[in-house]
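Residue numbers (my numbering): 18 to 226.
Virtual Cβ for every residue (Gly too), placed ideally from N, Cα, C.
Remember, predicted model here, so these are calculated numbers, not experimental data.
Data first, discussion second: the structure below is written as structure tokens.
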């Protein structure tokens, strides 16, 4: 599928993830959409460094979804039940719990995360059984894109803590993980600062054909 055919919200979500990559942090992006279909918040993963337009950074809690939700001022956004949180990756325990407590009742994610993905927490405690969360994921046209970017990033920076994560991701997305390894060896994204997200998506879809 061509980039122009991907829904606009997902384009913006992945563009946010790509900007995070360009700024030196993990390429996970999140956006929040209101009932009119307007993007009212964006978030980038800023665990490793300080990024533009993030609420928290240099902190293990500075995940993309958390940064997006923290930008919502409840004096302005008084009722968020029908808002939708979009993320390029299935939320971890931190982010899913934050979503639950935020009042947002709709989640869409692009790629599943067998290691840290925690959408299965729904209903596991009395509190987590109180609210009905509508969950949609993964998205076939985008999941390999999300996985490749994240695996590439972790391998490129030599992040050893990610190795067990990558091993489980490879079970679900073998070609994306293998392609990420290949790209690291080839320094495929060496000129990442000069590439936009549409160009990177095109590079990936070309090799996935």
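Three-state class that DSSP yields for residue i in the structure shown
i	result
residue 101	strand
residue 123	strand
residue 63	coil
residue 40	coil
residue 128	coil
residue 219	helix
residue 26	helix
residue 153	strand
residue 58	strand
residue 81	helix
residue 214	helix
Contacts around residue i, its chain only, beta-carbon distance under 6 Å, and the 5 residues preceding and following it disregarded
i	result
residue 49	57, 58, 85, 100, 102
residue 108	82
residue 79	63, 64, 73
residue 140	146
Residue i and residue j closer than 8 Å at C-beta
i	j	result
residue 129	residue 151	no
residue 182	residue 133	yes
residue 110	residue 146	no
residue 23	residue 164	no
residue 69	residue 42	no
residue 161	residue 193	yes
residue 127	residue 154	yes
residue 125	residue 188	no
residue 31	residue 168	no
residue 97	residue 87	no
residue 20	residue 218	yes
Minimum C-alpha distance to residue i - residue among the options
i	options	result
residue 202	44, 119, 175, 213	175
residue 47	66, 19, 113, 77	113
residue 26	89, 156, 71, 91	156
residue 71	142, 92, 34, 212	34
residue 205	40, 172, 186, 91	172
residue 200	211, 220, 28, 106	220
residue 54	91, 29, 139, 143	29
residue 104	60, 211, 67	60
Proximity test, Cβ basis, 8 Å: residue i and chain C
i	result
residue 33	Chain labels in this structure do not include chain C; a single protein chain is all it has.
Beta-carbon contacts of residue i that lie in its chain and below 7 Å, excluding the five residues immediately before and after
i	result
residue 38	44, 166, 170, 209
residue 148	117, 122
residue 137	none
residue 77	64
Residues near residue i in its chain [Cβ-Cβ closer than 8 Å; skip 5 each side]
i	result
residue 224	196
residue 94	51, 57, 100
heavy atom of the ligand FMN below 7 Å from residue i C-beta
i	result
residue 118	For the structure depicted, the ligand FMN is absent and the ligand set is empty, with no information on it obtainable.
Ranges of the alpha helix (DSSP H) found wholly within the segment 155–202, counting only runs of at least 4: 157–173, 180–189
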